[in-house]
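For what it's worth, numbering that gives the first Met the number 0 labels the leading residue of the sequence shown as 0, then goes sequentially. Heads up, the beta-carbon is just placed ideally off N, CA and C, and yes, glycines get one too. One structure is given here, and the rest of the page talks about it.
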Amino acid sequence: MLITKTFHDIPTQLDPEGRALRIFVISPSIPRYPQAKFPGVVVFSEIYQVTGPVERFASQIASQGFVVACPSIYHEFEGPEAIPYDVEGTDRGNKYKIEKTVAAFDEDTKLTIDLLCSLPNCNGRIGATGMCLGGHLAFRAAFDQRVLASVCFFATDVHSATLGKGKSDDTLIRVRNGDLTGKGELVLIFGKQDTHVPRAGRDLIRTTLEDANVTLSFLEVQAQHAFIRDESSKGRWDAALTRSLFSFMMEVFDRTIGVDLGPPVDNTKPPEHVC
Numbered sequence: 000m001l002i003t004k005t006f007h008d009i010p011t012q013l014d015p016e017g018r019a020l021r022i023f024v025i026s027p028s029i030p031r032y033p034q035a036k037f038p039g040v041v042v043f044s045e046i047y048q049v050t051g052p053v054e055r056f057a058s059q060i061a062s063q064g065f066v067v068a069c070p071s072i073y074h075e076f077e078g079p080e081a082i083p084y085d086v087e088g089t090d091r092g093n094k095y096k097i098e099k100t101v102a103a104f105d106e107d108t109k110l111t112i113d114l115l116c117s118l119p120n121c122n123g124r125i126g127a128t129g130m131c132l133g134g135h136l137a138f139r140a141a142f143d144q145r146v147l148a149s150v151c152f153f154a155t156d157v158h159s160a161t162l163g164k165g166k167s168d169d170t171l172i173r174v175r176n177g178d179l180t181g182k183g184e185l186v187l188i189f190g191k192q193d194t195h196v197p198r199a200g201r202d203l204i205r206t207t208l209e210d211a212n213v214t215l216s217f218l219e220v221q222a223q224h225a226f227i228r229d230e231s232s233k234g235r236w237d238a239a240l241t242r243s244l245f246s247f248m249m250e251v252f253d254r255t256i257g258v259d260l261g262p263p264v265d266n267t268k269p270p271e272h273v274c
């Protein structure tokens, strides 16, 4: 499917200087059907903003029939341009990650979902995905009742609760409080060799979600951090594994937001047998 690309600059409330959030939008294009509507997906980036690998990842989703929105998450600190994959860029991205408040990250998420729902080519059925920092933001996006599925790649800082200013986020606290119970589907994907999220951290996340009865798929694969990044991944990119997991993600999105299933029913009751 063909795609088109544009962007929107959205005013924010929590930035004291009122700098706009730039959201890049990648849309399916079917020339003979100008009024076609598609589900929406928010793609959250790593600490480097919307880089080439993130844009290519988002474009692949869009080409499957989804309107994709990619927010530039560090608008409080600099422009929407991608941050380089080098030592200085990594230091900047990690610095911003703990200077920005969790409330500001959440505001960006809300504004991005608001934008998707307002677009004439989006039908309002929303999913989310992201990698690294973006994996954590996609996890938190699931708290929004409009998000029906989140697929999170190697989400950082969830187990340690160290996202945002003060390095004290409430992601797992909210899970324990039931903020994801009975809501959309959550998928977490981690590499077993990922030094950012050790085994104890992965176990904590999984146990917390399962104890809260969250609809969950938890995948641990033979990979390192950033294994889906096709550029500057320091030898960690696994193209075959990425392709397989991308297909898994698209099955989740096709099933949860690609088809309107109507309201759910209580499937905990035993089926009635008719003689």
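Annotated as distal: residue 2 and residue 124, with beta-carbon spacing of 8 Å or more. The beta carbon of residue 199 lies closer than 8 Å to those of 158 in the same chain, with the five residues before and after it left out. Residue 231 and residue 190 have their C-alpha atoms roughly 18 Å apart. Around the beta carbon of residue 188, 16 or more other beta carbons lie within 10 angstroms, which makes this residue buried. According to DSSP, residue pairing for residue 8 in a beta bridge involves 21. Contact check between the segment 87-106 and the segment 55-66: fewer than three CB pairs, one atom from each, fall below 8 Å, which does not count as touching. For the 8 Å CB-CB criterion, residue 30 and residue 37 do not form a contact. Contact between the segment 138-155 and the segment 179-187 is present, with at least three C-beta pairs closer than 8 Å.
Just so you know, the alpha carbons of residue 171 and residue 85 end up roughly 31 Å apart. Assignment of residue 139 by DSSP, reduced to helix, strand and coil, places it in the helix class. By the Cβ test, the segment 100-117 is in contact with the segment 159-167, since at least three Cβ pairs between them sit closer than 8 Å. For a cut-off of 8 Å, the C-beta gap from residue 252 to residue 240 is around 19 Å, too long to register as a contact. Counting only runs that start and end inside the segment 74-151, the alpha helix (DSSP H) elements of at least 4 residues fall at 86-96, 101-117, 132-140. With contacts defined by Cβ atoms closer than 8 Å, residue 47 and residue 88 form a contacting pair.
Comparing alpha carbon positions, the residue from 244, 211, 207, 235 closest to residue 219 is 244. With distances taken between CA atoms, residue 93 lies nearest to 76 out of 213, 177, 76. If the five residues before and after residue 122 are omitted, its C-beta is found closer than 7 Å to the C-beta atoms of 36, 37, 38, all from its own chain and listed in chain order. Residue 22 is a Cβ neighbour of residue 69, given a cutoff of 8 Å. Membership of residue 199 in the alpha helix (DSSP H) is indicated by the continuous run 198-210.
Straight through space, the alpha carbons of residue 217 and residue 180 are spaced by roughly 16 Å. It is roughly 9 Å from the alpha-carbon of residue 78 to the alpha-carbon of residue 19. In this structure residue 238 is exposed. Its beta-carbon is surrounded by fewer than 16 other beta-carbon atoms within 10 angstroms. The Cβ atoms of residue 43 and residue 137 lie closer than 8 Å to each other. Taking 8 Å as the upper bound for CB-CB distance, residue 108 and residue 134 are not in contact here, some 13 Å apart. Per DSSP, the continuous beta strand (DSSP E) segment holding residue 68 begins and ends at 66-70.
Per DSSP, reduced to three states, the secondary structure at residue 52 is helical.
Secondary-structure assignment with DSSP links residue 217 through a beta bridge to 187.
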